[in-house]
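Enquirer: In this note's numbering, the protein residues as written are 118 to 524. Glycine included, C-beta positions come from ideal geometry on N, C-alpha and C. If you're wondering where the values come from, they're calculated on a predicted model, not measured in any experiment.
1) Here's a check: name, in chain order, each residue in its chain whose Cβ is nearer than 6 angstroms to the Cβ of residue 256, leaving out the five neighbours to either side.
2) For residue 431 and residue 398, I'd like the C-alpha separation in whole angstroms.
3) Which residue or residues does DSSP assign as beta-bridge partners of residue 364?
4) Could you check where the alpha helix (DSSP H) with residue 212 kicks off and where it finishes?
5) How big is the Cα-Cα spacing for residue 162 and residue 171?
6) For residue 145 and residue 183, I'd like the C-alpha separation in whole angstroms.
7) Compare the beta carbon distance of residue 342 and residue 418 with 9 angstroms and say whether it is the shorter of the two.
8) Going by beta carbon distance, what residues of the same chain come within less than 8 angstroms of residue 240, once the five residues before and after it are set aside?
9) Identify which residue in 437, 428, 435 and 386 has its Cα closest to the Cα of residue 458.
10) Going by the beta-carbon positions, is the gap between residue 147 and residue 125 smaller than 9 angstroms?
11) Within 10 angstroms of its Cβ, does residue 385 collect 16 or more other Cβ (buried), or is it exposed?
12) Among the residues of its own chain, which have a CB less than 8 angstroms from the CB of residue 511, if the five just before and after it don't count?
13) Which residue spans inside the region 140-195 form an unbroken alpha helix (DSSP H) run of at least 4?
14) Taking only three categories from DSSP, how would you classify residue 248?
15) With the cut-off set at 9 angstroms, would you say residue 102 and residue 131 are in Cβ contact?
16) Where does residue 215 land, buried or exposed, given buried means 16+ other C-beta within 10 angstroms?
17) Helix, strand or coil: how does DSSP classify residue 130 here?
18) Assuming the contact rule is C-beta atoms closer than 8 angstroms, residue 173 and residue 151 should be a hit. Round their C-beta distance to whole Å, please.
19) Taking all protein chains shown into account, do 16 or more other C-beta atoms lie within 10 angstroms of the C-beta of residue 361, making it buried, or fewer, making it exposed?
20) Which same chain residues end up closer than 6 angstroms to residue 236 when comparing Cβ atoms and leaving out the 5 residues on each side of it in sequence?
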């Protein structure tokens, strides 16, 4: 017996699978004892996720091994679910199907454990297997279903999967996620699939706890964005007086008849105008401190993105107008710039956008018109989705314009 009342098999599961097989062939009873925390070797193997070791213990150990619980009330199945080892969970359920009914100390199934830890691969086992779908409606001692726990954890993917499979959430948890983007994603998914808020007087409606945080974030970010917009104005303004190709004796630009040069002038002017409008919107929003400040801030973000793209494209147009390299170099330069814009667009959309499917977003727009209570409690959700879609549309138009101008 080793430290903490662990035997040789407890230590071997984290080493080589060959050692585990040798120990089980020598003494199968090693799979049954637990250590001082109530953990069996199967608990250890489930946490590690090695399927071959788990299968070996299930074959050699006593029938009751999979049903043992540790001092926290967790079975090996709960441990595997918490760690997201869906293949291990599949092996356990294949060996002992009735183990799916095991409950932890709080009355939760392995699906509850997976939902709490955002393990979508494990939860999807229950949504795809008709024999396990009943667990999706199971409640723990606090009355929470896996859907409640996934909402509280801010796991948009699991929430959307459960709602798509017909689960219903009558009353969201009392502690919704404080993260702004998690909140938006969850509200979109819940409204799209018909989740209902509990009946409540509108004057007693509890506002989202992160509302003040968003307003403070807008106030703090506005200063930085105004500086960025000012720098763009300065750079574009300087480029307007230092034109590529220089000036002729008549004081006019030497490249005034070139199509690429005209594109440069158009893009550079667009960068200046949009940046100036951004500064005006940010100053207005910071000074007004009203409900409309959110709208002006969102519009400023859209225009700042347009301004940055215009400046980038204007820079490339300036290079192309004076470059003497061949067509191949022109093409490579265009592909490089286009790739940079595309990568930046994807990164922004992934970071700031709601992590929901396009189908869910359309359902949200269709059903969200009737959810006045959602608009009151989560006023930024719908506006954020609209602004993201506008951002995507703007980027798409920029991509088309880029190809028209430079290709």
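Expert: According to the structure data:
1) So the list reads 262, once near-sequence residues are dropped.
2) The alpha-carbon atoms of residue 431 and residue 398 are separated by roughly 24 angstroms.
3) 370.
4) For residue 212, the uninterrupted alpha helix (DSSP H) run begins and ends at 203-212, by DSSP.
5) Rounded to the nearest angstrom, the gap between the Cα atoms of residue 162 and residue 171 is 6 angstroms.
6) Going from the Cα of residue 145 to the Cα of residue 183 covers about 14 angstroms.
7) Residue 418 sits close to residue 342, with the two beta carbons spaced by under 9 angstroms.
8) Same-chain partners within the cutoff: 228, 231, 232, 263, 267, 275, 278 and 279.
9) Residue 458 has its Cα closest to that of 428, out of 437, 428, 435 and 386.
10) Yes, the Cβ-Cβ distance between residue 147 and residue 125 is below 9 angstroms.
11) A residue is called buried when at least 16 other Cβ atoms come within 10 angstroms of its Cβ; residue 385 meets this threshold and is buried.
12) Cβ within range, chain order: 419, 422 and 423.
13) 158-165 and 168-177, all fully within the region 140-195.
14) Reduced to three states, the DSSP call for residue 248 is coil.
15) There is simply no residue 102 to check, as the chain begins at 118 and stops at 524 in what is shown.
16) Exposed, since its Cβ has fewer than 16 Cβ neighbours within 10 Å.
17) Coil, per DSSP.
18) Contact between residue 173 and residue 151 does not hold, since the beta-carbon distance rounds to 18 angstroms and is not under 8 angstroms.
19) The residue is buried, with at least 16 neighbouring Cβ atoms inside 10 Å.
20) Excluding sequence neighbours, residue 236 sits near 201.
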